[in-house]
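Engineer: Chains as they are written, first to last, in our numbering: chain X, 1 to 459; chain S, 1 to 459.
Cβ atoms here follow ideal geometry from the backbone N, Cα and C, with glycine treated the same way.
Protein chains: 2
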Amino acid sequence: MQETALSALRARFGEAFSVSAAVREAHARDESRLDFHLPDGVLHARSEQDVVDALALARQHRFPVTPFAAGSSLEGQIVPVHGGLSLDVTGMNAVLGIEPGGFQATVQPGVPYPELNRQARRHGLFWAVDPGAEATLGGMASTNASGTGAVRYGTTRDNVLEMRVALMDGRMIRVGSRARKTSAGYDLKHLFIGAEGTLGVITELTVRLWPLPEELLALRCTFPTVREAAECAVLVMGAALNPERLELMDEPMIAAVNRHLGRTYPEQPTLWIELAAASPAALQDALEVCRALCLDAGAQDVATATAAEERRALWEARHKAYTAMSAQYPGHAQLSTDACVPLHRLPDVLDFTRQRCLDRGLNTSFVGHVGDGNFHVLFHAPPDDHATWAAIHATYDELMQATLAAGGTCTGEHGVGLHKQKYLAQEHGDTLDVMRDLKRLFDPHGLLNPGKILPDPAG
Amino acid sequence: MQETALSALRARFGEAFSVSAAVREAHARDESRLDFHLPDGVLHARSEQDVVDALALARQHRFPVTPFAAGSSLEGQIVPVHGGLSLDVTGMNAVLGIEPGGFQATVQPGVPYPELNRQARRHGLFWAVDPGAEATLGGMASTNASGTGAVRYGTTRDNVLEMRVALMDGRMIRVGSRARKTSAGYDLKHLFIGAEGTLGVITELTVRLWPLPEELLALRCTFPTVREAAECAVLVMGAALNPERLELMDEPMIAAVNRHLGRTYPEQPTLWIELAAASPAALQDALEVCRALCLDAGAQDVATATAAEERRALWEARHKAYTAMSAQYPGHAQLSTDACVPLHRLPDVLDFTRQRCLDRGLNTSFVGHVGDGNFHVLFHAPPDDHATWAAIHATYDELMQATLAAGGTCTGEHGVGLHKQKYLAQEHGDTLDVMRDLKRLFDPHGLLNPGKILPDPAG
Numbered sequence: 001m002q003e004t005a006l007s008a009l010r011a012r013f014g015e016a017f018s019v020s021a022a023v024r025e026a027h028a029r030d031e032s033r034l035d036f037h038l039p040d041g042v043l044h045a046r047s048e049q050d051v052v053d054a055l056a057l058a059r060q061h062r063f064p065v066t067p068f069a070a071g072s073s074l075e076g077q078i079v080p081v082h083g084g085l086s087l088d089v090t091g092m093n094a095v096l097g098i099e100p101g102g103f104q105a106t107v108q109p110g111v112p113y114p115e116l117n118r119q120a121r122r123h124g125l126f127w128a129v130d131p132g133a134e135a136t137l138g139g140m141a142s143t144n145a146s147g148t149g150a151v152r153y154g155t156t157r158d159n160v161l162e163m164r165v166a167l168m169d170g171r172m173i174r175v176g177s178r179a180r181k182t183s184a185g186y187d188l189k190h191l192f193i194g195a196e197g198t199l200g201v202i203t204e205l206t207v208r209l210w211p212l213p214e215e216l217l218a219l220r221c222t223f224p225t226v227r228e229a230a231e232c233a234v235l236v237m238g239a240a241l242n243p244e245r246l247e248l249m250d251e252p253m254i255a256a257v258n259r260h261l262g263r264t265y266p267e268q269p270t271l272w273i274e275l276a277a278a279s280p281a282a283l284q285d286a287l288e289v290c291r292a293l294c295l296d297a298g299a300q301d302v303a304t305a306t307a308a309e310e311r312r313a314l315w316e317a318r319h320k321a322y323t324a325m326s327a328q329y330p331g332h333a334q335l336s337t338d339a340c341v342p343l344h345r346l347p348d349v350l351d352f353t354r355q356r357c358l359d360r361g362l363n364t365s366f367v368g369h370v371g372d373g374n375f376h377v378l379f380h381a382p383p384d385d386h387a388t389w390a391a392i393h394a395t396y397d398e399l400m401q402a403t404l405a406a407g408g409t410c411t412g413e414h415g416v417g418l419h420k421q422k423y424l425a426q427e428h429g430d431t432l433d434v435m436r437d438l439k440r441l442f443d444p445h446g447l448l449n450p451g452k453i454l455p456d457p458a459g
Numbered sequence: 001m002q003e004t005a006l007s008a009l010r011a012r013f014g015e016a017f018s019v020s021a022a023v024r025e026a027h028a029r030d031e032s033r034l035d036f037h038l039p040d041g042v043l044h045a046r047s048e049q050d051v052v053d054a055l056a057l058a059r060q061h062r063f064p065v066t067p068f069a070a071g072s073s074l075e076g077q078i079v080p081v082h083g084g085l086s087l088d089v090t091g092m093n094a095v096l097g098i099e100p101g102g103f104q105a106t107v108q109p110g111v112p113y114p115e116l117n118r119q120a121r122r123h124g125l126f127w128a129v130d131p132g133a134e135a136t137l138g139g140m141a142s143t144n145a146s147g148t149g150a151v152r153y154g155t156t157r158d159n160v161l162e163m164r165v166a167l168m169d170g171r172m173i174r175v176g177s178r179a180r181k182t183s184a185g186y187d188l189k190h191l192f193i194g195a196e197g198t199l200g201v202i203t204e205l206t207v208r209l210w211p212l213p214e215e216l217l218a219l220r221c222t223f224p225t226v227r228e229a230a231e232c233a234v235l236v237m238g239a240a241l242n243p244e245r246l247e248l249m250d251e252p253m254i255a256a257v258n259r260h261l262g263r264t265y266p267e268q269p270t271l272w273i274e275l276a277a278a279s280p281a282a283l284q285d286a287l288e289v290c291r292a293l294c295l296d297a298g299a300q301d302v303a304t305a306t307a308a309e310e311r312r313a314l315w316e317a318r319h320k321a322y323t324a325m326s327a328q329y330p331g332h333a334q335l336s337t338d339a340c341v342p343l344h345r346l347p348d349v350l351d352f353t354r355q356r357c358l359d360r361g362l363n364t365s366f367v368g369h370v371g372d373g374n375f376h377v378l379f380h381a382p383p384d385d386h387a388t389w390a391a392i393h394a395t396y397d398e399l400m401q402a403t404l405a406a407g408g409t410c411t412g413e414h415g416v417g418l419h420k421q422k423y424l425a426q427e428h429g430d431t432l433d434v435m436r437d438l439k440r441l442f443d444p445h446g447l448l449n450p451g452k453i454l455p456d457p458a459g
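This is how it looks when you write it as structure tokens:
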């Protein structure tokens, strides 16, 4: 960034604009820790007007702007690879209103979803998308994040009603509607959801809240093989049990969790299922149907947890899988895949991928939102172990080929960012030009989070 | 259309291209019967290649193309107001495949959704969006249609996984994914859904199917006032009962249904609720919760229907409301509104609208997908009764003002077409220019269904 730009930012924003090394470093990498690039400066935006004015200065001085919130992205989305301004919206963290009768809340983009849940609970409602970490609503919309709740409640995309978006040309627009459904003209809302801040900056969201389930219980079912666990997941989805959550963990992942959290779960492929009902009787009923189904499918051990305590413990274990793996291999770099396939193809694609990992002697673990057909392979190795990383990337390539051949997608919930552009080109090569046209339309000078999503046409 | 264009179409398509008066007239109006305009010719497309070639000829000879399927649109979407070619895809009516384990089906755009349901039922699955009539999947995607199932299963938008779209420049693109969720790049799928054939022509869809509910029952609850019925709907939605359907009909509508179908339903404001569960016990349970809730909310008479026969009879009555009204007033023209508001605002907006109708002595009826906050006012009057039509349009304007003030939308499920452009401008005035940019991007010569959705910038 040129001195003129820096002083213009200082002049407009004063203390809220920082070029200190510590602040810049705190905005140079995301949770994947795969990339590091310093912004030239960081703006702690406090209002929509701050965002609008920052974009105006970017337009005038031609510097890149990379929106930043919790920094919990996994594909480098918030890393300012071309420098410029890191636009930090974590200070825009007000829950502006909750309408219990409308099942909706209006929030600023920097609100962490656990905070929204704390406030919604009073009304017997909750925000149903739970990617983990302290992800913010703005960040979740920008990557279309999901998590364990998506199998029942959909992804962030399905739960955003309306947004206010600051465009690069200075316009503020409102997209979507606070009504539950609309057919009013071209759907712009879904264009900005999942755009990773490359088309506009989200400054406000009205999101859908759901009634808290009356009665809940969790099942932990172990299986002899991952395939049998995955096939059971297909059966559960077909039984109209409508589970709240349906997760798979493989043996190494359970082992890591046991070590990290001091648990004693059987170290076998495991399905974790959460069921809800409006009454204890109905819940008991659903449990019996589900238990019978799992046993028919080859489950060896079916444990149930009804007390809130036990259930919390189970889901803590699931949510800490990623950190459990890192803890087990200090100093290793980690890489998580995010394939999502049509449910009926999941057992084959899982099997294939695990086999290729074995063939290559890769020490990996699998965890999956298998009710959605979405699973993550957690690769890890010492950063400088080039042979292993070559094997990892070769396996990743094969997984992607199998996924796309199965009609799936290279990313179910993490987004493209810096690392999936090659796979995006394989998945949507026929529409990359359309996507580039849209990028040019909203950001003709390529200043909004440059380097993300779209592969360089040259490369 | 010029003679050169007509002969080019004849040369390419032979018998499949028709200029006969009868065929053209069959493509000149939709179900609303508010508009009539003849196309210059009609192509009965049989394949994706037919569509691609038709667009190529349109490009070459600069004639308009208006996609046509069931013709059941309600806002004139399929009326070729600028003449040109009516592109009839009803011949593209093959269910290409059903993947039971993937909960999805791949269909051509001309497949009527009841036909998809006939074929899916064998697998214990169904397509959950039911706008009524013999609507096709392509048409439903083009208007983002919904209906009584949306409260539980979402709209067409929520149930389309992947589409193939023919673009005006000759490209065929695939948008979306067959996976349940994806974060792979800009979401183009949602841009074409609800675009009413103005951005491209849908040639294939892969859609989501749902497991048929195990146990079902329907409730019919009468209330002293429409407000109490609407307020009860809000309570039902809050109780996590997750109803399959939640519909409201007012007294005149029930009366019309009684007369038209020879029923004897109490002619009072009525909520029709369908509940589902995985077991009879669970269903009984849900019924008790729901019944108690309705009685607390002021329900006077709660009748339940468990037998498939009775339930079919109930929903037949609901689905035939529109025709019941027409039958009652032969020779009258009808106009249906389609407001959708956040649920907590529904009672007020309903009350306000009914009051304005009374004030003006308008003889109307109300029916609503109230679980979504969506309701229809059915206006009717003799076509030449200009005074009444002026009063109707004045009331419509007031309803739209109240709807938009409540954070709602001018159309929940019918789309914009020819008749809601004024209201679209009121609802999304800040984004009309963006929508026009998108239209220019995909259809620079304005040949795809011209005259729909976007108001003339001049006007």
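#1: For A28/S, which of E15/S, D53/S and T66/S has the nearest alpha-carbon?
#2: Tell me whether S20/S is buried or exposed, calling it buried when 16 or more other Cβ atoms sit within 10 Å of its Cβ.
#3: Are the CB atoms of I273/S and R245/S within a distance shorter than 8 Å?
#4: For R291/X, tell me which candidate among Q268/X, A239/X and M249/X has the shortest Cα-Cα distance.
#5: Excluding sequence positions up to five away, which residues of its chain have a Cβ less than 6 Å from the Cβ of T306/X?
#6: Just by C-beta distance, which residues in the segment 367-385 of chain S are closer than 7 Å to chain X?
#7: Roughly how far, in whole angstroms, is the beta-carbon of V302/S from the beta-carbon of L293/S, given that I think they are within contact range, below 8 Å?
#8: Identify whether R164/X lies in helix, strand or coil by the three-state DSSP scheme.
#9: Skipping 5 residues on each side, what residues in its chain have a beta carbon closer than 6 Å to that of L38/S?
#10: Output the distance between the C-alpha atoms of A133/S and D397/X, rounded to the nearest integer angstrom.
#11: Start and end of the alpha helix (DSSP H) containing E288/S?
#12: Take G149/X as the anchor and find which of G373/X, D130/X, I78/X and E214/X has the nearest alpha-carbon.
#13: If we count the other Cβ atoms within 10 Å of its Cβ and call it buried at 16 or more, is A22/X buried or exposed?
#14: Any idea if E15/S is buried or exposed, counting beta-carbon neighbours within 10 angstroms, 16 or more meaning buried?
#15: Within this structure, are the beta carbons of E427/X and L399/X separated by less than 8 Å?
#16: Taking 8 Å as the threshold (beta carbon to beta carbon), is C410/X in contact with chain S?
#17: Is there contact here, the segment 251-271 of chain S with the segment 160-173 of chain S, by at least three beta-carbon pairs under 8 Å?
#18: Mapping DSSP to helix, strand and coil, what is V175/X?
#19: Taking only the alpha-carbon atoms, compute the straight-line gap between S72/S and N449/S and give it to the nearest angstrom.
#20: Taking buried to mean at least 16 other C-beta atoms within 10 Å of its own C-beta, is P109/S buried or exposed?
#21: Along the chain, where does the alpha helix (DSSP H) that runs through M92/S open and close?
#22: Consider the Cβ of Q104/S: report whether some Cβ of chain X lies at a distance smaller than 8 Å.
#23: Let me confirm a value: A276/S is counted as buried when at least 16 other C-beta atoms fall within 10 Å, else exposed. Which label applies?
#24: Using a Cβ-Cβ cut-off of less than 7 Å, list which residues of the segment 415-432 of chain X approach chain S; keep chain order.
#25: What number of angstroms, rounded off, separates the C-alpha of T323/S from the C-alpha of E316/S?
#26: Within its chain, find whatever has a CB closer than 7 Å to the CB of A11/S; leave out the 5 residues flanking it on each side and keep chain order.
#27: What is the DSSP secondary structure of W127/X, reduced to helix, strand or coil?
#28: Under a three-way DSSP split, which group does D301/S fall into?
#29: What is the DSSP secondary structure of I193/S, counted as helix, strand or coil?
#30: Does K181/X get closer than 8 Å to chain S when you measure Cβ to Cβ?
#31: What residues from chain A crowd round C340/X, counting only those whose CB sits closer than 8 Å?
#32: Reducing DSSP to helix, strand and coil, say where G459/X ends up.
#33: Three-state secondary structure (DSSP) at H260/S?
#34: Span of the beta strand (DSSP E) holding I78/S?
#35: Beta-carbon separation of Y113/S and A135/S under 8 Å?
#36: To the nearest angstrom, report how far apart L34/S and L57/X are at their CA atoms.
Structural biologist: If we stick to the structure as given:
#1: T66/S
#2: exposed
#3: yes
#4: Nearest C-alpha to R291/X among Q268/X, A239/X and M249/X: A239/X.
#5: L217
#6: D372, G373 and N374
#7: With a Cβ gap of about 10 Å, V302/S and L293/S do not count as contacting.
#8: strand
#9: R24 and A28
#10: 47 Å
#11: Counted as a single uninterrupted DSSP element, the alpha helix (DSSP H) harbouring E288/S occupies residues P280 to D296.
#12: Nearest of G373/X, D130/X, I78/X and E214/X to G149/X, Cα basis: D130/X.
#13: exposed
#14: exposed
#15: When the beta-carbon positions are compared, E427/X and L399/X stay at least 8 Å from each other.
#16: Closer than 8 Å to some Cβ of chain S, the Cβ of C410/X qualifies, so yes.
#17: no
#18: strand
#19: As the crow flies, the alpha-carbon of S72/S is around 16 Å from that of N449/S.
#20: buried
#21: Premise fails: M92/S is in no alpha helix (DSSP H) and is neither H nor E.
#22: Among the CB atoms of chain X, one or more fall inside 8 Å of the CB of Q104/S.
#23: buried
#24: G415, V416, L424, E427, H428, D430 and T431
#25: 11 Å
#26: none
#27: coil
#28: strand
#29: coil
#30: Output row for K181/X: interface = yes.
#31: Absent from the structure: chain A. Protein chains present are X and S.
#32: With a pLDDT of 49 at G459/X, under the threshold of 50, the modelled position of this residue cannot be trusted, and the question is left open.
#33: Looking at H260/S - three-state DSSP - the assignment turns out to be helix.
#34: Per DSSP, I78/S belongs to no beta strand (DSSP E) and is neither H nor E.
#35: yes
#36: 51 Å
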